[in-house]
Every structure is written in C-alpha cells, then in structure tokens.
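Contents: one structure, followed by commentary.
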Amino acid sequence: MPDPVISIRGLRKSYGDIEAVRGIDLDVQPGEIFAFLGPNGAGKTTTVEILEGYRKRGGGEVTVLGEDPEKAGRAWRERIGIVLQSGRLDPYLTVRESLDLYAGYYSEPRPVDEVIELVGLEGKAEARASVLSGGQQRRLDVGMALIGDPELLFLDEPTTGFDPSARRHAWDTIAGLRDLGKTVFLTTHYMDEAQRLADRVTIIARGEVVVQGTLENLGDRESRPATVSFRLPDGVAASELPGQVAAVDGGATVSLSTTTPVATLNELTGWAIERGLDLEGLEVTRPTLEDIYLSLTAEASE
Ligand code: ATP
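Residues in the sequence shown are numbered from 251 upward in steps of one, following my numbering.
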C-alpha cells in the first residue's frame with residue numbers, strides 16, 4: 251500500500267478551555283476524495299488549518315505529503331491547493347488574468363487554458379470576476395487552486411449557498427479532479443455531497459471522530475431499522491394494527507419501525523386483505539445517509 255497523503259494520529263488542539271480537537275486519527279490515501287463532515291463547531295476548520303500548516307497543533311502526529319505541516323517549506327506548499335470558503339478573487343481581473351497572476355507564483359504551473367477548461371469557464375475567460383455568478387466565482391477559486399498543479403487539494407465547503415444546478419456543476423468539476431489523480435480533502439456539511447463525491451467519509455462531532463468508512467458501510471446502515479408507513483384506513487385505530495407502531499402523525503400517516511421489513515409487510519398486508527382494507531401511501535424506507543449522519547452526530551452531542 252502506498253504511503254498515505256495525510257496521516258493524523260492523536261491530534262489535539264485547545265483554545266483556552268475549549269478542546270476543539272480531542273484525539274483524531276485518520277489517513278487519506280493517494281487519489282481519493284475524502285469527505286470530512288461534522289456539525290458547526292465540530293473541529294473541522296481547526297483540523298484543516300493544522301493540515302494546511304496555518305495553525306499549530308496542541309498534540310499528536312500529523313504528516314501531509316510526507317512532511318510535518320508546521321515545519322514544511324515553500325516546495326511543500328506548492329504541492330498543495332487550497333479553496334477557502336471566502337474566495338480571494340480580485341473583482342477587476344478577468345478569469346484569464348486572475349489565473350495568469352497566480353501561475354506566476356509557481357515554478358511549474360498548469361497551462362492557463364487547460365485550467366479554464368477544467369473548471370468549465372471557457373465562455374467566461376475574458377469576463378471580470380465581479381460579473382461572474384457565485385457558482386462561476388467558486389469555479390474560478392478552484393481554478394486558482396489548480397493552477398500550481400497540486401497533488402493535494404483542500405476544498406472547504408465548496409458548494410455552500412449554491413443553487414441545485416450550480417452544485418451539480420461544481421460536483422462534476424470536483425469529480426473530474428479524481429480523474430486527474432489528485433487527492434481531495436473535502437470539508438462539507440452536506441451528506442448528499444459526500445455521497446455523490448467521496449470514496450471515504452469521516453464524521454466528527456465535538457472534536458472526536460464519530461464514524462469513518464466507505465459510504466456503503468457507514469454507520470452500519472444495512473442493519474438499521476426500516477420504516478413502513480401508510481395512511482390509517484378510515485374507521486381503524488392505530489391500536490388495532492399488527493406490529494409495533496412507532497408514530498402516527500396529524501394526517502394519520504402511521505409509521506412502523508422494523509428490522510424485518512419483509513415479515514412486517516407480510517403481516518400487515520395479510521391483516522389488511524383479511525379485512526378488505528386498502529393501505530394508501532404504503533411505503534418502506536431505509537434510513538438515508540443524512541438520517542444516519544444526524545443520528546450519529548446527535549448521539550455524540552448528548
Ligand atoms: P463550522 O462548521 O461552524 O465551521 P468547525 O467544525 O469548522 O465549525 P471549528 O471552527 O474548528 O469547527 O471550531 C471548533 C471549536 O473551537 C468551536 O467551539 C469554536 O468555537 C472553537 N474555536 C475555533 N477557533 C477558535 C479560536 N481562534 N479561538 C477560540 N476558539 C475557537
């Protein structure tokens with residue numbers, strides 16, 4: 251197995267009495283899109299700033315591209331691209347001028363036209379940053395981070411505030427980074443973003459890792475209870491139903507929680523057919539990744 255691009259062991263950081271990061275371990279492998287999720291105040295920004303070499307850690311071991319970020323120099327920094335939440339665009343420069351300017355900071359920049367194409371701004375190359383839409387500005391931000399042809403990219407909440415179509419565009423651009431062989435450390439609040447892009451996910455809450463893994467095995471999703479829901483037939487009380495009723499909402503939609511949905515459905519539909527009843531709106535749902543994220547981060551906050 252190749253060396254990880256990022257390796258963290260026992261990372262800690264406090265601000266006065268606040269323990270922002272309380273012993274985090276993780277590895278990021280070359281060429282993967284790694285999503286780092288957590289609610290507000292979980293310690294994401296603190297961790298990322300330590301990885302980027304902008305903040306000193308309180309304890310633990312950190313290696314990024316083989317070096318300790320606290321001690322690494324300019325050559326190391328050139329191997330890293332950073333896309334912050336608030337962009338660093340000069341509103342008066344065009345897309346091409348902005349990229350040309352940044353290219354000058356690197357010893358071996360990627361050709362500007364290639365970067366413009368990568369981020370899908372071909373039609374806007376001569377437009378000033380100030381007239382770009384929010385989504386286009388964000389793509390230019392990604393372009394600026396790519397101009398030095400970095401091996402590792404940090405993307406901090408790259409689609410916050412985007413409309414659905416701008417998000418799709420941004421996701422396509424980020425997915426394209428994998429094809430270029432880049433390693434991406436993606437910080438996000440959105441489970442659907444992680445689901446669309448990430449090879450592996452780490453969720454933190456209150457400075458600690460709550461769960462990490464691939465999307466398929468995250469939080470043991472397959473073994474969590476499913477919900478069977480339907481509208482309560484006229485003239486039937488919830489207490490008459492077979493099975494464990496989890497909830498009845500105001501519109502009389504009943505939910506049953508079950509770890510054996512096939513058996514529960516069998517029992518329920520048998521019961522309904524016997525009585526000549528229809529079960530309108532009958533549905534079986536598995537917890538979504540969003541549900542799991544919310545339940546895991548809520549458990550950690552208790
Ligand atoms: P968000 O999603 O809101 O950006 P986050 O997961 O990035 O949150 P951090 O910004 O790392 O979380 O903050 C973790 C904790 O550390 C919070 O309680 C925050 O108030 C505290 N904190 C962060 N930066 C500082 C600082 N410079 N001084 C004091 N406390 C800080």
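Note that beta-carbon positions come from the ideal geometry of N, C-alpha and C, so glycine has one too.
| Item | Value |
| --- | --- |
| From this set, L532, P289, L402 and T410, which residue's C-alpha is nearest L301's C-alpha? | L402 |
| Taking 8 angstroms as the threshold (C-beta atoms), are R536 and A554 in contact? | No answer is possible for residue 554: it lies beyond the span of the chain, which begins at 251 and ends at 552. |
| Just reading off the alpha helix (DSSP H) that I517 is part of, what are its end residues? | Reading the sequence as shown, one finds Glu at residue 517 and not Ile. Its alpha helix (DSSP H) spans residues P511 to E524. |
| My output table needs one value for V255: the three-state DSSP class, helix, strand or coil. | coil |
| Roughly how many angstroms separate the alpha carbons of G293 and T437, rounded to a whole number? | 11 angstroms |
| Is the CB-CB distance between G431 and R272 below 8 angstroms? | no |
| Could you tell me the distance, in whole angstroms, from the CA atom of G393 to the CA atom of A377? | 15 angstroms |
| I'd like the list of long-range same chain contacts for A488, defined as Cβ closer than 8 angstroms, with 5 residues on each side in sequence excluded. | L482, V495, V498 and V504 |
| Beta-carbon separation of F435 and V278 under 8 angstroms? | yes |
| Buried or exposed: which applies to S479, given that a residue is buried once 16 or more other Cβ atoms fall within 10 Å of its Cβ? | buried |
| Apart from the five residues on each side of it in sequence, which residues of its chain come closer than 6 angstroms, Cβ to Cβ, to L539? | M441 and Q445 |
| Just curious, the alpha helix (DSSP H) that L351 is in, first and last residue? | V345 to A353 |
| Using C-beta distances below 7 angstroms, list every residue in its chain close to T514, excluding the 5 sequence neighbours before and after it, in chain order. | V478, G493, L506 and T508 |
| Taking all protein chains shown into account, do 16 or more other C-beta atoms lie within 10 angstroms of the C-beta of Y543, making it buried, or fewer, making it exposed? | buried |
| Please classify A531: is it buried, with 16 or more other beta-carbons within 10 angstroms of its beta-carbon, or exposed? | Reading the sequence as shown, one finds Gly at residue 531 and not Ala. Answer is exposed; the Cβ neighbour count stays below 16. |
| Rank K321, R329, P289 and K306 by C-alpha distance to the C-alpha of L315 and give the top, closest one. | R329 |
| Taking 7 angstroms as the cut-off, does the CB of N290 come closer than this to any heavy atom belonging to ligand 2? | Ligand 2 is not among the ligands present in this structure, which contains only ligand 1. |
| Fully enclosed by the region 400-429, which beta strand (DSSP E) runs are 3 residues long or longer? | 402-406 |
| Looking only at its chain, what residues have a beta carbon closer than 6 angstroms to the beta carbon of Y352, apart from the 5 residues adjacent to it on each side? | M394 and I397 |
| Say whether the region 344-360 touches the region 411-427, bearing in mind that this needs 3 or more beta-carbon pairs closer than 8 angstroms, one atom from each stretch. | no |
| Suppose contacts are defined by Cβ-Cβ distances below 8 angstroms. Is R259 in contact with G310 by that definition? | yes |
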